[in-house]
Amino acid sequence: MYFDSFNALLTMDGHGAFVWSAYLITTLVIAAILVAPGRRRKKFLRQLAGELKRSRGGPNSSKEEA
Amino acid sequence: MWSFFHKLGSPPWLYSISGVILRWLLPITLVALAVGLAWSLLFTAPDFRQGNSYRIIYIHVPAAVVALAGYYVMAIAGAINLIWKMKMADVAMRSAASVGAALTFIALITGAIWGKPTWGTWWVWDARITSMLILLFLYLGVIALYEAFDNKEAAGKACAVLCLVGMVNIPIIYKSVDWWYSLHQPASIKFTGDSTIDTSMLYPLLLMIVSFYALFTCCLLMNMRAELLQRGARTSWVKKLALAGKSV
Amino acid sequence: MNPPGSLQFCARLLRRQLVLAVRRPIEIGNPLLFFAMVVALFPLGLGPAPDQLAGFAPGILWIIALLSNLLTSDAVFRSDFEDGSLEQLLLAPQPLFISVLAYIGAHWLITGLLLALVSPVFALMLNLPGSAVGTLVLTLLLGTGVLSLVGCIGAALTVGLKRGGMLISLLILPLYMPVLIFGSAAVKAAVTGVPAGPYLAILGAMLCLAIALAPLAIAAGLRISIDA
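Chains as they are written, first to last, in this note's numbering: chain A, 109 to 174; chain B, 190 to 437; chain C, 944 to 1171.
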């Protein structure tokens, strides 16, 4: 560890704000791009399931395309 | 061998195989990123001249490298769609655009934040940052063109042409900006320090670069999965998946 | 009746485009007026101090040339697309690569060439030293050629879109940047007395590359837009 104390880790000889803001923004963006597609997929499947269940028994419910 | 390409053109096959890949790739990526970030923050020495802000290199450089590679992935995918009309390639191109734009954004922001303690200003028009900015414009242009078309098949082809034009231009743009910067800035301040990089700094950097590549692949596959489902909303395999209830 | 050869066809198309343009002189005058008015904007915004203006003049002149070119690029294929002539062009036996050069050539003759010839007047207004004016005209002649070629790529990709508008600017401005860098650098070199030859050579090389490759992209873009 190159830092003696937690305080030293936070301030990093005055550069702490820059390093931490860069790392935090990066982590946030990475988290966003990892989570967003999964949520989009699940949301779509949920909505499609709902639509299909609502239209079940209707005239078009047995039409399928490959 | 051709059956592999034939399978590649089948959305349900791609969907299931990407699910299998992600099951082990995603945890590995997360671990690699966590280890890399911790290593660079806590276990690497600060730079002699730049001090602790040098640590930003461990995110800026990997993000920039993968953002640039991502453009080529996008362009090649677009070309495959244009030449062989493989719709999966079109899906890959559109997904790569979003992920690449996000990574370029990270590279830009970290570059700007790095510039402040190093050179005193929030934004420095140096060669690399300016090239990154232009790369972001190129990515956003592709996304804008795709969204402007109503006919999505034409959108994919038009974006493929645009990506190829951009691909030819990227070396020209990079060299022009590099040369332009050297013209206006006689003092050669290299962004990444000395050309000979110490091994204690090299290994975490390499780990971060590899993790970012893995991150790009994961996000690309996940975006492709979502896109495949949305495009196949009327097909039986998607309907079956939706009704099955579990969203794996 | 024999169909005309490719070059003959191209020449006829070029003549047609020029005749059409000349029938609406205001459309030729518009970019030049734009150029003049934006030249006036810079002293208004930056202050009239002659040395300052002279220092920025190469860049200012080049940026305005770029923007004028951008404004006119959008309309290159639009009217022919709307009345169906473009579709006929795609069905013609002559290769699209050559036919497209006619559109680009006409565009350059109407915008780039005129801009380059008129630029000494505006260079004077911005206090550009006389020694650099010749270089300015040369760089504009070469550079606007590249700008026309690249601009038509954007036009071909967006011609079918209803809400094109700003989109073409987003697409082609990044591609314009290397031309801007070397064009203004050449003029700046001429101002300081350094030979501008190398920069002009690079601009020439860009022009050659653009002539060789841009028509391919434009032809592809036109086919995609029409099929859509």
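Beta carbons: idealized from backbone N, C-alpha and C, even for Gly.
Spatial distance of residue i from residue j (CA atoms)
{"i": "R1122 (chain C)", "j": "I1006 (chain C)", "result": "For clarity, residue 1122 (chain C) is Val in the given sequence; the question names Arg instead. Computed Cα separation, rounded: 10 angstroms."}
{"i": "G345 (chain B)", "j": "P968 (chain C)", "result": "38 angstroms"}
{"i": "S1022 (chain C)", "j": "N973 (chain C)", "result": "17 angstroms"}
{"i": "L1032 (chain C)", "j": "M411 (chain B)", "result": "42 angstroms"}
{"i": "Q419 (chain B)", "j": "I332 (chain B)", "result": "17 angstroms"}
{"i": "I362 (chain B)", "j": "A1160 (chain C)", "result": "18 angstroms"}
{"i": "P1158 (chain C)", "j": "C1095 (chain C)", "result": "9 angstroms"}
{"i": "G158 (chain A)", "j": "L142 (chain A)", "result": "26 angstroms"}
{"i": "L963 (chain C)", "j": "M275 (chain B)", "result": "41 angstroms"}
{"i": "L329 (chain B)", "j": "P1117 (chain C)", "result": "11 angstroms"}
{"i": "D315 (chain B)", "j": "D236 (chain B)", "result": "20 angstroms"}
{"i": "M109 (chain A)", "j": "P216 (chain B)", "result": "26 angstroms"}
{"i": "T1082 (chain C)", "j": "L351 (chain B)", "result": "26 angstroms"}
{"i": "I318 (chain B)", "j": "D339 (chain B)", "result": "34 angstroms"}
{"i": "A1139 (chain C)", "j": "G1027 (chain C)", "result": "45 angstroms"}
{"i": "F326 (chain B)", "j": "L334 (chain B)", "result": "12 angstroms"}
{"i": "G1147 (chain C)", "j": "Q951 (chain C)", "result": "26 angstroms"}
{"i": "A174 (chain A)", "j": "W426 (chain B)", "result": "Below a pLDDT of 50, predicted positions are generally treated as unreliable, and A174 (chain A), at 46, falls in that range; the measurement from the model is reported next regardless. Distance between the alpha carbons of A174 (chain A) and W426 (chain B): 8 angstroms."}
Any chain A beta carbon closer than 7 angstroms to residue i
{"i": "C408 (chain B)", "result": "yes"}
{"i": "G240 (chain B)", "result": "yes"}
{"i": "T299 (chain B)", "result": "yes"}
{"i": "I302 (chain B)", "result": "yes"}
{"i": "R414 (chain B)", "result": "yes"}
{"i": "I245 (chain B)", "result": "yes"}
{"i": "S217 (chain B)", "result": "The question names Ser, but residue 217 (chain B) is Ile in the sequence shown. No - not a single Cβ of chain A is within 7 angstroms of the one on I217 (chain B)."}
{"i": "I398 (chain B)", "result": "no"}
{"i": "M390 (chain B)", "result": "no"}
Selection from the options that minimises the alpha carbon distance to residue i
{"i": "V313 (chain B)", "options": "B:L297, B:A286, B:S425", "result": "B:L297"}
{"i": "S229 (chain B)", "options": "B:W213, B:G240, B:Y247, B:A221", "result": "B:Y247"}
{"i": "P986 (chain C)", "options": "C:P974, C:V1102, C:A1000, C:L1143", "result": "C:A1000"}
{"i": "M321 (chain B)", "options": "B:V255, B:A266, B:N340", "result": "B:V255"}
{"i": "M1068 (chain C)", "options": "C:A1162, C:I1047, C:G1136, C:I1003", "result": "C:I1003"}
{"i": "M263 (chain B)", "options": "B:L394, B:M356, B:D387", "result": "B:M356"}
{"i": "W308 (chain B)", "options": "B:Y243, B:M275, B:L394, B:L222", "result": "B:Y243"}
{"i": "P200 (chain B)", "options": "B:T293, B:G434, B:G421", "result": "B:G421"}
{"i": "D1017 (chain C)", "options": "C:I1047, C:A1066, C:D1026, C:P1038", "result": "C:I1047"}
{"i": "V288 (chain B)", "options": "B:N270, B:A316, B:A403, B:T424", "result": "B:A403"}
{"i": "L957 (chain C)", "options": "C:A979, C:Q995, C:L975, C:W1051", "result": "C:W1051"}
{"i": "L132 (chain A)", "options": "B:L219, B:L226, B:I217, B:A221", "result": "B:L226"}
{"i": "L409 (chain B)", "options": "B:V427, B:M282, B:D315, B:P235", "result": "B:M282"}
{"i": "H249 (chain B)", "options": "B:C352, B:I295, B:A266", "result": "B:I295"}
{"i": "T233 (chain B)", "options": "B:R423, B:P360, B:D387, B:W202", "result": "B:D387"}
{"i": "A1075 (chain C)", "options": "C:K1131, C:I1111, C:F1125", "result": "C:K1131"}
{"i": "V354 (chain B)", "options": "B:K428, B:L391, B:G267", "result": "B:G267"}
{"i": "T406 (chain B)", "options": "B:L334, B:A301, B:R212", "result": "B:R212"}
{"i": "W128 (chain A)", "options": "B:I206, B:N241, B:T218, B:A223", "result": "B:N241"}
{"i": "A979 (chain C)", "options": "C:G1147, C:L1100, C:A1059, C:P946", "result": "C:A1059"}
{"i": "K429 (chain B)", "options": "A:F126, A:L153, A:G124", "result": "A:L153"}
{"i": "L1009 (chain C)", "options": "C:V1102, C:F977, C:L1152", "result": "C:F977"}
{"i": "S365 (chain B)", "options": "C:M1149, C:V1102, C:D1170", "result": "C:M1149"}
{"i": "G1165 (chain C)", "options": "C:V1089, C:L1044, C:E1030, C:V1137", "result": "What sits at residue 1165 (chain C) in the sequence shown is Leu, not Gly. Measuring from the Cα of L1165 (chain C), the nearest candidate turns out to be C:E1030."}
Cβ-Cβ distance between residue i and residue j below 7 angstroms
{"i": "A1129 (chain C)", "j": "T1078 (chain C)", "result": "yes"}
{"i": "A1162 (chain C)", "j": "F1040 (chain C)", "result": "yes"}
{"i": "F401 (chain B)", "j": "P251 (chain B)", "result": "yes"}
{"i": "S949 (chain C)", "j": "Q1037 (chain C)", "result": "yes"}
{"i": "M413 (chain B)", "j": "V280 (chain B)", "result": "yes"}
{"i": "L432 (chain B)", "j": "L160 (chain A)", "result": "yes"}
{"i": "L396 (chain B)", "j": "M277 (chain B)", "result": "no"}
{"i": "P993 (chain C)", "j": "N1070 (chain C)", "result": "yes"}
{"i": "L961 (chain C)", "j": "A1049 (chain C)", "result": "yes"}
{"i": "L1114 (chain C)", "j": "G1097 (chain C)", "result": "yes"}
{"i": "I1167 (chain C)", "j": "A290 (chain B)", "result": "no"}
{"i": "L1104 (chain C)", "j": "A337 (chain B)", "result": "yes"}
{"i": "F1125 (chain C)", "j": "I1145 (chain C)", "result": "yes"}
Cross-strand partners of residue i (DSSP beta bridge)
{"i": "T218 (chain B)", "result": "DSSP, once it has assigned bridges, lists no residue as partnering T218 (chain B)."}
{"i": "D236 (chain B)", "result": "B:G240"}
CB contact check: residue i to chain B, cutoff 7 angstroms
{"i": "L136 (chain A)", "result": "no"}
{"i": "R148 (chain A)", "result": "yes"}
{"i": "D112 (chain A)", "result": "no"}
{"i": "L1110 (chain C)", "result": "yes"}
{"i": "L132 (chain A)", "result": "no"}
{"i": "P1121 (chain C)", "result": "yes"}
{"i": "A116 (chain A)", "result": "no"}
{"i": "S129 (chain A)", "result": "yes"}
{"i": "A139 (chain A)", "result": "no"}
Cβ of residue i within 7 angstroms of any chain C Cβ
{"i": "W369 (chain B)", "result": "yes"}
{"i": "G382 (chain B)", "result": "Residue placement at G382 (chain B) is poorly supported in this model, since its pLDDT is 48, which falls under 50; the coordinates still yield a value, given next. Closer than 7 angstroms: no."}
{"i": "K274 (chain B)", "result": "no"}
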